[in-house]
Amino acid sequence: MKVQTLLSSMKPVKVFAVIAGIVWVVFGSIFVGKLFIDGFGKISPWLLFSSALQVLLTAIALLLYIYQTVHIYQADISDSIVETQKKLTTLQSSSLWIARVLFLQLPLWTTFYWNKEMMQNGRTGWWVFQIAITLLFAGISIWLFFNINYKNKDKKWFKFILSDKEWKPVLKAIELNKEIADFKENN
Amino acid sequence: MVFEAIMQTKQQAQQFQELIAQNKGILIKVARTYCQNEGDRQDLIQEMLIQIWQSFHKYNHAYKISTWLYRISINMAISYYRKNTNRINNNLPLTENISQIAEEGKAEKEQQLNMLDQFISELKELDKALILLYLEEKSHHEIAEILGISAGNVGTKVGRIKDKLKQRFSQYNID
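These protein sequence lines map, in sequence, to chains A and B. Taken in order, the first sequence gives residues 1 to 187; the numbers are from my numbering. Taken in order, the second sequence gives residues 1001 to 1175; the numbers are from my numbering.
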């Protein structure tokens, strides 16, 4: 596998995103690992589990992206049109999964700073607000996880979240994937 | 060792140049079918050439060279179309085309060919590929091999697309 050729075929912003993602996951894993080894029982379990889950979800999204990019690069472009396009569009369509997984992190950003002192001394009003925010973020992330799909592509919220030009090829890929299915169905 | 490698690359480059010189028509036709804009067409041909060069050593002699080239160029054209989302819509409004052509007083046949190009550009990606190959007078067997469907299905689909195109022509009262 010619990694250099693969990297040169990617847009610089994507290479940067992958490198930043790898750095985040590696340092995050070291940080979380150290917290578990040295601080388990001593530091807030909210910090431990929130950061561990955040790093895990980022790692899953990153692995999905790298798997997809490598397989798209390796696809045999001299294979038949239906076969090649089916392979490519299926891989590209999986990008929606990356978005879904990344949105699952939302509530973790509202829980990692919770600690024992806050639990004991926090005012009721503050906790009501805090729990409402966490529940709201959890609800949004779960809702997005189940609703980020091709069926909703024309909805306002979908366009607002995934309107970036990077997502348009993904939607086109899904469209073509369906077209291929119809094309083959008439066989 | 190094010398042999250089010689081999040089020989490959020469074979590649000959292959492109003999078959550049395929790339141009595919690019024309998928891109109406001249700039996009040139970019697409560049990408096709890069891909053909990168796949050159993998050429499977079980297939005709034209089959192999059509596969790569059409696959590239479809993927290129998907990738370049920021391009403006290539399909010019037909009425505008017709009036322009009429004003310029071009021959009727040329007008019909332009309309055919326009109608083909409105087809779905895979239908475009199918009709392109059909118009190139490829056999059903070769079309099937390029697309990856059965030869029988090629005939059925060609019939349907021809009907669609006829309908489009009849909308403009042209037989």
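Think of the CB as a built atom: it goes at the ideal place given N, C-alpha and C, for glycine as much as any other residue.
Between the alpha carbons of W157 of chain A and N177 of chain A lies a gap of roughly 23 Å.
DSSP places N1114 of chain B in the helix class (H, G or I) of the three-state scheme. In terms of CA proximity to S95 of chain A, A:N149 leads the group A:D38, A:A75, A:N149. Per the Cβ contact rule, the stretch 134-153 of chain A is in contact with the stretch 95-104 of chain A (3 or more Cβ pairs under 8 Å).
Inter-residue distance for D76 of chain A and L88 of chain A is about 10 Å (C-alpha atoms, whole angstroms).
Below the 8 Å Cβ cutoff, chain B contributes I1149 as neighbours of K184 of chain A, in chain order. Secondary structure of Y1172 of chain B (DSSP, three-state): coil. Assignment of I81 of chain A by DSSP, reduced to helix, strand and coil, places it in the helix class. Between M1076 of chain B and Q1046 of chain B, the C-beta spacing is not below 8 Å. When C-beta atoms of the stretch 62-80 of chain A are compared with those of the stretch 119-135 of chain A, fewer than three pairs fall below 8 Å, so the two segments do not count as touching.
Residues of the stretch 1125-1143 of chain B that bring their beta carbon within less than 7 Å of a beta carbon in chain A comprise E1125, L1126, A1129, in sequence order.
A contact between stretches requires three or more CB pairs, one per stretch, nearer than 8 Å, and the stretch 1016-1036 of chain B meets this requirement with the stretch 1113-1132 of chain B.
In summary, D1127 of chain B is buried, with 16 or more beta-carbon neighbours lying within 10 Å of its beta-carbon over all protein chains present.
Close to chain B, meaning a Cβ-Cβ distance shorter than 7 Å, are the following residues of the stretch 164-175 of chain A: K165, K168, P169, K172, A173. Within the stretch 1020-1045 of chain B, no run of alpha helix (DSSP H) reaches 4 residues while sitting entirely inside it. Spanning the alpha carbons of N1153 of chain B and R1041 of chain B requires a straight line of approximately 30 Å. Neighbours of Q54 of chain A across chain B, judged by C-beta separation under 8 Å, do not exist; the nearest C-beta is about 31 Å away.
The Cβ neighbour count for K1064 of chain B, taken over all protein chains shown within 10 Å, is under 16; the residue is labelled exposed. Residue-level contact by beta carbon holds for R1071 of chain B and chain A, with a gap shorter than 8 Å. By the neighbour-count criterion, in which 16 or more other beta carbons inside 10 Å mark a residue as buried, F40 of chain A falls on the exposed side. With contacts defined by Cβ atoms closer than 8 Å, A61 of chain A and I19 of chain A do not form a contacting pair.
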